[in-house]
Each structure stands twice: as C-alpha cells, then as structure tokens.
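S.K.: Structure provided below as structure tokens; questions to follow.
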DNA sequence: GTCTATATCATGATAGAC
DNA sequence: GTCTATCATGATATAGAC
C-alpha cells in the first residue's frame, strides 16, 4: 500500500510537472494531468486537495531545481574568470536538459510573483554575496570595474533568454531545423564566456 | 453613430490590451475586459465575435509595435558601432514605456507560437539582412569576427531579459524600491553599449 | 449599438460505492 | 486507494428587447 501510494504520488507529480511547465497554471487542466498520470481526476484531489496546492508543490520543486546551488561555484578559491566559466557551464547543462523552465518561470512570475518570493525567503537565498565576490575580483584587478549587478544580469540574460524565446529562434533563424538549433545552443556557453571575458578583461 | 462606434471599439481595444498583456490569453476574463472598458460582456461579442478573435486583434497590434522598424536603423550609412548604439537606445525607449510586453510575448509565444509565425510571414520580417550587415562590418574590420547570430542574440537578451523577470529583480535586488529599479533600468542602455563594444572592439 | 437575461458548456471539486 | 457519477460554479457565447 505504501508502495502503491508512493508510486501513484510520483506519477501524479511527474504528470503535473509536465502539464504545468508546458501550459502554466492558467492553461493546465486537471483532466489532462489525470490522463497523463493514467488515473482519474478524483484521485488527484485525493492526493492534493486542490489544483492550487498541486501547482504549488510542482512550482517549489521546479524553483528548487532551477535556482540551484550553482552559487557555491562563485565561492570557490580560484580566479574569477575560472569560476565564471564553471558557473556558465553548470547553468547551461541545467538549461539544456530542461529547456522549458525559463518560459514557465517567466510566465508564472508575471502572473503571481508571491509564490516565488515565499520560496526565496524560505530558502534564504540572497544574491549579495555574489555581488561581493565580483567586487573583490575587481578590487584585485582581475576584471574591469563595473556595476556588478549589471554584470550578473548580463550573464544570466545571455544564458537564459534564448531558451525563453526558443520558438522564435526555431522559426526565424533555424527554419524549424532542430539539429541546427541544438548545435547553436550547445556552442553558446563557450561563446558567452568569450564574449564576457573579452569585455571585462583588463587590457595589457 | 460612426463616432460612437469608433469610440467604443477603441475603449474595448484599450481595455483588452491592458487585461491581455497582464493576464495572458488563458488568465484573461471577458468580464474583466468589459468592466475595464465600462461596457458589458455582450457588447464585446458584438464587436469581436469571440475571445480568440479579440485576442488576435490585440496580439497583432502588440507584435506590430514590439517588432518594429528599428531594423531600418541597422541599414543606415554609418559605422556599425554607431548604428548598434542607436538600435539599443530605440529598443530601450520602447521597453521602458511598455515594460510588460516581454513577459506577455514570452508567455503567448510558449503557449501557441503559430499566431506569431503567421504575423512574421505576413509582414515578411526576415533577420537575414541584419546578419549580413554585421558580417560586412566584420569584413571591414570594424568589429571582431564572431557568429553574427550569437552577437544579435546577446544584445537582444541583455536588453529584453531584465524586463521579462522584472518582479524578481524588484524583489531580490531592489527590495521593492521602484525608484532604484527604474534608475537601474535607465542606465542599462549605456551599460550594454559599453559592454558589447568592449567585447567586440578590435584591439589596437 | 447597447442592454438584460439566458443558454451552453467546461472545469474544479466532492460524494459515495468498492 | 481508486473508481464512477454528480455537483456547483464560472466562463464564453447568444437571444431578444429597446
């Protein structure tokens, strides 16, 4: 029974994640989640009392996954450029295996940001130490001086944005050639690293 | 009567744009649009036969507005860096006056991209000439050689992404200080220009 | 053109048998 | 725990009076 329950709950969570990530809270239907999980609607409400509770369960898992411990890379004891490169690589690995997360998070963020705020508060995530690390690298003369907030946002933007507008890129640039787009996205980590480093490097 | 009709249709379109942009197709309610326009639901259906038709009318106007003639800036007869700067300035002016468009477009793009594809086809928009212009600038030695597709996406990403994740920035970095965030976004055009130029400039 | 009233339908949620 | 059947609500859409 325990076994059965865990199994069903897992099936529901997987199905719900699939549907919610692609359709969003507003667009998702409990019927579709039930179908995807191979059960009926009533059982959904038995495990999770309401659509909102089910959504919250999924959303927190997704956020936990997408706002990850990459931050610890920033704290490593190497030069800043090395840490930046490792961060971009790690972030891209996540994005390439979960390309729909950016669109989903942006959608829900603009619908109702309160859920995300609660999670940020709960996990105590704070970007200040990242900004501190960047400033220290500037103090040490490893990179050019600039507002570290802009630097962080520039890097995250170049990593995440292409995934958020994937369908446009697919249509407008790659004419529905999935292989071409995958190859393009796969080479972006190196491109971004070079682009950023060329910009912030101290010229000799 | 003509006057009356135009006036009402305009009120509907304004109300619908407001509601659709903030809530999206799935989240918007015809009742809310009617309230916002100061009329009743039945009149909405008199002017636009269905919610979908009303949405399409709004969506095409928004796309027409957000995928604008900035492209002609790229064709001007000046050096590439100047044109790039003018493009970023023009694009940011649009974004600052319509900060919710990126979130809206990303949401609808991931819900159903077919509408956007039809519009792109209808207006015959094609990014190839932009890529050509960039390649010519590289041939002339104005900027470093790199894949022009990556360069375009880098620039657009850094411009648009912060608006798409506005609520996070607001909460995580600016602690709900709207003035601070506005000031930050206002200085981004210059920051991005410098960031890009420092990266692609030919070193002497 | 604009309104009130209503039809129609889809969806989230519950009741109750097994 | 899982199912079938059903409720209750809210949404789009239409009918028809003015």
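Residue numbers (our numbering), protein chains in the order written: chain A, 1 to 204; chain B, 1 to 204. The beta carbon of each residue, even a glycine, is placed where N, CA and C say it ideally should be.
Please check if any C-beta of chain B sits within less than 8 angstroms of the C-beta of residue 181 of chain A.
M.R.: no
S.K.: In angstroms with no decimal places, state the Cα-to-Cα distance between residue 20 of chain B and residue 58 of chain B.
M.R.: If you take the alpha carbons of residue 20 of chain B and residue 58 of chain B, they lie about 8 angstroms apart.
S.K.: Once you ignore the five residues that flank residue 75 of chain A on each side, which residues in its own chain have a CB closer than 6 angstroms to its CB?
M.R.: Correct list: empty, nothing qualifies.
S.K.: What does residue 115 of chain A touch in chain B if you count any residue whose Cβ is under 8 angstroms from its own?
M.R.: Residues of chain B passing the Cβ test: none, with the nearest at roughly 11 angstroms.
S.K.: Between which residues of its own chain and residue 89 of chain B is the CB-CB distance below 6 angstroms, once the five residues before and five after are set aside?
M.R.: 189
S.K.: Taking only three categories from DSSP, how would you classify residue 143 of chain A?
M.R.: strand
S.K.: Taking any Cβ of chain B, which residues in the segment 153–166 of chain A have a Cβ under 9 angstroms from it, in chain order?
M.R.: 153, 154, 156, 157, 158, 159, 160, 161, 162, 164, 165, 166
S.K.: List, in order along the chain, the chain B residues whose C-beta lies closer than 7 angstroms to that of residue 189 of chain A?
M.R.: Residues of chain B passing the Cβ test: none, with the nearest at roughly 11 angstroms.
S.K.: According to DSSP, is residue 28 of chain B part of a helix, a strand, or is it coil?
M.R.: coil
S.K.: If we ignore side chains and look at the alpha-carbon of each, how far apart do residue 63 of chain A and residue 119 of chain A end up?
M.R.: Taking the straight line from one Cα to the other gives about 8 angstroms.
S.K.: Taking buried to mean at least 16 other C-beta atoms within 10 Å of its own C-beta, is residue 65 of chain A buried or exposed?
M.R.: exposed
S.K.: Would you decide whether residue 1 of chain A is buried or exposed? Buried here means 16 or more other CB atoms lie within 10 Å of its CB.
M.R.: Confidence in residue 1 of chain A is poor, its pLDDT being 44 and thus under 50, which makes the residue's placement too unreliable to answer from.
S.K.: Could you tell me if residue 134 of chain A is buried or exposed, where buried requires 16 or more neighbouring beta carbons within 10 angstroms of its beta carbon?
M.R.: buried
S.K.: Could you please give the first and the last residue of the uninterrupted alpha helix (DSSP H) stretch that includes residue 115 of chain A?
M.R.: Start and end: 114–123.
S.K.: Buried or exposed: residue 157 of chain A, going by 16 or more other Cβ atoms within 10 Å of its Cβ?
M.R.: buried
S.K.: Of all the CB atoms in chain A, is at least one closer than 8 angstroms to the CB of residue 80 of chain B?
M.R.: no
S.K.: Below 7 angstroms on C-beta distance, what does residue 103 of chain A contact in chain B?
M.R.: 106, 110
S.K.: Alpha carbon to alpha carbon, what distance is there between residue 111 of chain A and residue 23 of chain B?
M.R.: C-alpha separation (whole angstroms): 6 angstroms.
S.K.: Under 8 angstroms between C-beta atoms, does residue 98 of chain B make it to chain A?
M.R.: No - not a single Cβ of chain A is within 8 angstroms of the one on residue 98 of chain B.
S.K.: Residues of chain A with a CB under 8 angstroms from the CB of residue 199 of chain B: which are they?
M.R.: 195, 196, 198, 199
S.K.: Using a Cβ-Cβ cut-off of 8 angstroms, state whether residue 1 of chain A counts as contacting chain B.
M.R.: Note on residue 1 of chain A: pLDDT 44, under 50, position unreliable in the model; no value is reported.
S.K.: Using 8 angstroms as the limit for Cβ to Cβ distance, is residue 51 of chain B near chain A?
M.R.: no
S.K.: Taking residue 155 of chain A as the reference, which of A:69, A:39, A:197, A:41 has the closest Cα?
M.R.: A:197
S.K.: Going by the DSSP bridge assignment, what does residue 90 of chain B pair with across the sheet?
M.R.: Bridge partners of residue 90 of chain B: none, in fact.
S.K.: Hey, residue 144 of chain B and residue 200 of chain B: beta-carbon distance below 8 angstroms or not?
M.R.: A distance below 8 angstroms separates the beta carbons of residue 144 of chain B and residue 200 of chain B.
S.K.: Quick one: measure Cβ to Cβ for residue 30 of chain A and residue 68 of chain A, integer angstroms, because I've assumed they're closer than 8 angstroms.
M.R.: Rounded to whole angstroms, the Cβ separation of residue 30 of chain A and residue 68 of chain A is 29 angstroms, and the two are not in contact under 8 angstroms.
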